[in-house]
Amino acid sequence: MDDRFTTLGGLRAHYVEWGAPDSPAVVMLHGLRSYARTFEPLAARLADRYRVLALDARGRGDSAWDPEGAYHTPSYVADLEEFVDRLGLDRFVLLGHSMGGATAYVYAARHPERVVGTVVEDIGPGSSLGGAGAERIRREVAETPAEFASLDAARAYWRGIRPGISADALESRIRHTLRPGSCGRRLWKFDLSGIARARLDTDPARQVDLWPSVEALRCPTLVVRGGASDFLPAATAAEMTVRNPLVRAVEIPGAGHYVHDDAPDAFHQQLEQFLTGLEAAP
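Note that the working numbering has the sequence shown beginning at 13, numbered continuously upward.
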């Protein structure tokens, strides 16, 4: 596992790499309030067979904040385009969770010659625009405290918005989303105000309709829904498989929106089966 840096969109960008550089590549994209190392347990399981690359999106983790506040899908897609070009990735598997999944849909539809397969975790067309999950995330983003008096206060916050979070996932978030402040306080590492402004922006021009991208996909695509998720409706997941026969949807019982955190073994099993199927395809 190596920490690396590059420049994307004129901003310093951090990514983490696992596995041998000559192994088949899997690029992982995290969600709205997440970070590259959220995929660490999953990447460690894949590193003996794959080169795994997890990128900190602009404004998160150890990547630079965007002074222009361009935290929207077109910017993330442009960053990904530059990222894979810089690393010389001609063919790779693309995996994205939530916000990263939206990026994956758009990129894979735009670049069918480069994406061997796509795995999307708990997002589909309309997920970010309406419904209980979208309203919950908007509410959480608007009400996120700017800082915490202590690490225990930060842990209590995460348990409050994710009651089922595992101890390992919680400690990962504490390590990778917070930085020390004065007098023992903890501040966010990510650009809280910039990301909140972008997420709460109701300008229709900022909204991305994912249906055209889903319908344009030309590679095998696995959509993984958390059975207890309020963000990706089961009906939407089913409709995607009807509109594009290359899409297969699976549901992991008991998992919420963060499927890779909530059910790591089941998520890994589904991913391994998908990757094995890609390798066996002519």
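We put the beta carbon where it would ideally sit given N, CA and C, even for glycine. Since this is a predicted model, take the numbers as computed values, not measurements.
Worksheet item: Which parts of the segment 151-229 are runs of the beta strand (DSSP E), unbroken and 3 residues or longer, counting only runs that do not cross its ends?
Response: Counting only runs of 3 or more, we get 190-192, 198-200.
Worksheet entry | Neighbour-count burial assignment, G289, 16 or more Cβ in a 10 Å radius | Stepping through the sequence shown from its first residue, residue 289 is reached at position 277. Under this definition G289 is an exposed residue.
Discussion item. At the level of alpha carbons, what is the spacing between A158 and P175?
Written reply: Position 146 of the sequence shown, counted from the start, is the residue given in the question as residue 158. Position 163 of the sequence shown, counted from the start, is the residue given in the question as residue 175. If you draw a straight line from the Cα of A158 to the Cα of P175, it comes to about 21 Å.
Worksheet item: Across which residues does DSSP place A25 in a beta bridge pair?
Response: Numbered from 1 along the sequence shown, position 13 holds the residue referred to as residue 25. According to DSSP, A25 bridges with T18.
Discussion item. Checking the sheet assignment: what are the DSSP bridge partners for I264?
Written reply: Indexing the sequence shown from 1 puts residue 264 at position 252. Residue pairing by DSSP places I264 opposite G238 in a beta bridge.
Practice prompt. Kindly provide the ranges of any alpha helix (DSSP H) runs that are 4 or more residues long and lie completely inside the segment 31-70, ordered along the chain.
Written response: List check, alpha helix (DSSP H) in window: 52-58.
Worksheet item: If Y119 sits next to L106, beta carbons under 8 Å apart, how far is it from one beta carbon to the other, in whole angstroms?
Response: By 1-based counting over the sequence shown, the position of residue 119 is 107. By 1-based counting over the sequence shown, the position of residue 106 is 94. Rounded to whole angstroms, the Cβ separation of Y119 and L106 is 7 Å, and the two are in contact under 8 Å.
Worksheet entry | E133 - DSSP class collapsed to helix/strand/coil | In the sequence shown, counting from the first residue as 1, residue 133 sits at position 121. Residue state, collapsed to three classes: strand.
Discussion item. Using 7 Å as the threshold, is the C-beta distance between G129 and P232 below it?
Written reply: Sequence index remark: in the sequence shown, residue 129 carries index 117 (1-based). Sequence index remark: in the sequence shown, residue 232 carries index 220 (1-based). Taking 7 Å as the cut-off, the Cβ atoms of G129 and P232 count as close.
Worksheet item: If you draw a straight line from the alpha carbon of A165 to that of G145, how long is it in whole angstroms?
Response: Sequence index remark: in the sequence shown, residue 165 carries index 153 (1-based). Sequence index remark: in the sequence shown, residue 145 carries index 133 (1-based). Straight-line Cα distance between these residues: approximately 25 Å.
Fill in: For V64 and G81, the rounded distance between their alpha carbons
Indexing the sequence shown from 1 puts residue 81 at position 69. Indexing the sequence shown from 1 puts residue 64 at position 52. Rounded to the nearest angstrom, the two C-alpha atoms are 28 Å apart.
Worksheet item: Between A37 and L92, is the Cβ-Cβ spacing less than 7 Å?
Response: Position 25 of the sequence shown, counting from 1, holds the residue named residue 37. Position 80 of the sequence shown, counting from 1, holds the residue named residue 92. No, the pair does not count as a contact, with Cβ atoms beyond the cut-off.
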